[in-house]
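**Q** Residues are numbered in my numbering as their position in the sequence shown, beginning at 1, plus a constant of 141.
Sharing a structure here in structure tokens format.
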Amino acid sequence: MVEEREFDTNLRPFTWAEYIGQEKIKHNLRIIIESAKKRGETLEHLLFYGNSGLGKTTLAHIVAREMNAQMKICSGPALEKSGDLASLLTNLQDNDILFIDECHRVRKTAMEALYSAMEEFVLHIILGKGLLARTVDIPLPRFTLIGATTKIALLPMPLRNRFGAIFRFSMYEKEELAQIIERSAVLLKIAIDRKAVALIADRSRYTPRIANRILKRVRDFAVTEGKDGITTETTEHALCSFEIDDYGLEPGDRKILEAIILKFSGGPVGIQALAAATSEEQDAILDVYEPYLLRLGFIDRTPRGRIATKLAYEHLRLKLPRKVFGM
């Protein structure tokens, strides 16, 4: 695990030029940062949202580096009480950046305390209960909050309105993923042929984190087989071994599709029933599996639940039910 974290850190881009993709976001961020520098003011609060693995945390690091600012990192679920938030904020310095990952999971009491902290740079703390309760105002340094979330709809509107700019991260194109894979291979000090790069890019679910994960596993096969670099043959062998098919579907994805088709006759099926049938967490289905299956057109979401499409039946080579598709 320590080795994996070190590799992830080593593969992370450190400059605008190294960060591939999300060109519009980078362009607008550079303008916002340059303006803040010229005005000599603290950078406004920023909100990044989109599927996991698209580079939100990496871009936050680059923003901090461009602002010559220290960045403190915190996970949303770790902020349960206003006291947790107070200890975090009071240890910041002027112009520091506080990055909160999965900020939609900050507990309500802590989230409400964020409102005045973001807008007035003051933290309102209530001490005591009932008639003895009193409010203490704690002045805060002028910091920048960068929030990242995969579920922007779960953020309360008062919190969203306090961000100066909101950026949506898009899925990557295969050409961008190929550039990322080639760059990562150089950093991992292993050669890779162009066909192997294309194979990995095709099966990376439009996501850089997954592309790097597959690349490292293919590298393991190349090293074990005693090869000097990653070849097409080695890549195909690794992908087959990890059961990653031509569409990038893994066993978990196929389990979801097979459950909808075989256990629920193609659907519709609700999220709770689907989670129980597959022994998967509801959040995992919603955040990990479903977005990609929807993008591929293998499932549809209806008011009554999820249904498998004709494409899903064809991909799994299952017989199409006449009553659904009119055959």
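C-beta atoms are modelled at their ideal positions from N, C-alpha and C, and glycine is treated no differently.
No experiment lies behind these values; they were computed from the predicted model shown.
1. Which residues in the same chain as M142 place their Cβ atom closer than 6 angstroms to its Cβ, once the five residues preceding and following it in sequence are excluded?
2. Express the C-alpha separation of K404 and T285 in angstroms, rounding to a whole number.
3. Report the residue ranges of all beta strand (DSSP E) runs contained in full by the segment 199–246; include only those spanning at least 3 residues, in chain order.
4. Using a Cβ-Cβ cut-off of 6 angstroms (strictly less than) and excluding sequence neighbours within five positions of A177, which residues of its own chain qualify?
5. Work out the CA separation of Y388 and E261 for me, nearest whole Å.
6. Just curious, the alpha helix (DSSP H) that A319 is in, first and last residue?
7. With a CB to CB cut of under 7 angstroms and the five nearest residues on each side skipped, what residues in its chain are close to G194?
8. With C-beta atoms as the reference, is T231 less than 8 angstroms away from L281?
9. For I307, which of T372, E182, I173 has the nearest alpha-carbon?
10. State yes or no: is the beta carbon of I448 nearer than 8 angstroms to at least one beta carbon in chain C?
11. Where does R180 sit, in a helix, a strand or coil, going by DSSP?
12. By the three-class DSSP mapping on this structure, what secondary structure does F189 have?
13. Pop quiz: A205 and L226 are said to be a contact at Cβ under 8 angstroms. What is the actual Cβ separation, rounded to whole angstroms?
**A** Taking the structure as given:
1. Indexing the sequence shown from 1 puts residue 142 at position 1. In this predicted model, M142 has a pLDDT of only 39, less than 50, meaning its place in the structure is not dependable; the value taken from the coordinates is given anyway. So no residue of the chain qualifies.
2. Numbered from its first residue, the sequence shown carries residue 285 at position 144. Numbered from its first residue, the sequence shown carries residue 404 at position 263. In a straight line, the C-alpha of T285 is about 49 angstroms away from that of K404.
3. Within the segment 199–246, the complete beta strand (DSSP E) segments of 3 residues or longer fall at 212–216, 238–242, listed in chain order.
4. In the sequence shown, the residue the question calls residue 177 occupies position 36. Excluding sequence neighbours, A177 sits near L184.
5. Indexing the sequence shown from 1 puts residue 261 at position 120. Indexing the sequence shown from 1 puts residue 388 at position 247. So the two alpha carbons sit approximately 49 angstroms from each other.
6. In the sequence shown, the residue the question calls residue 319 occupies position 178. According to the DSSP assignment, A319 belongs to the alpha helix (DSSP H) that extends over 315–328.
7. Within the sequence shown, the letter at position 53 stands for residue 194. Answer for G194: T348, P349, R350, I351, listed in chain order.
8. Sequence index remark: in the sequence shown, residue 231 carries index 90 (1-based). Sequence index remark: in the sequence shown, residue 281 carries index 140 (1-based). Going by C-beta atoms, T231 is nearer than 8 angstroms to L281.
9. Against the sequence shown, residue 307 aligns to sequence position 166. Taking I307 as reference, the option from T372, E182, I173 with the minimal CA-CA separation is I173.
10. In the displayed structure, chain C is absent; only one protein chain is listed.
11. Looking up residue 180 in the sequence shown gives position 39. Helix, per DSSP.
12. For this step, residue 189 is matched to residue 48 along the sequence shown. Of the three classes helix, strand and coil, the one that applies to F189 here is strand, per DSSP.
13. Taking the sequence shown and counting its residues from 1, one reaches residue 205 at position 64. Taking the sequence shown and counting its residues from 1, one reaches residue 226 at position 85. In this structure, A205 and L226 do not form a Cβ contact; the two beta carbons are roughly 20 angstroms apart against a cut-off of 8 angstroms.
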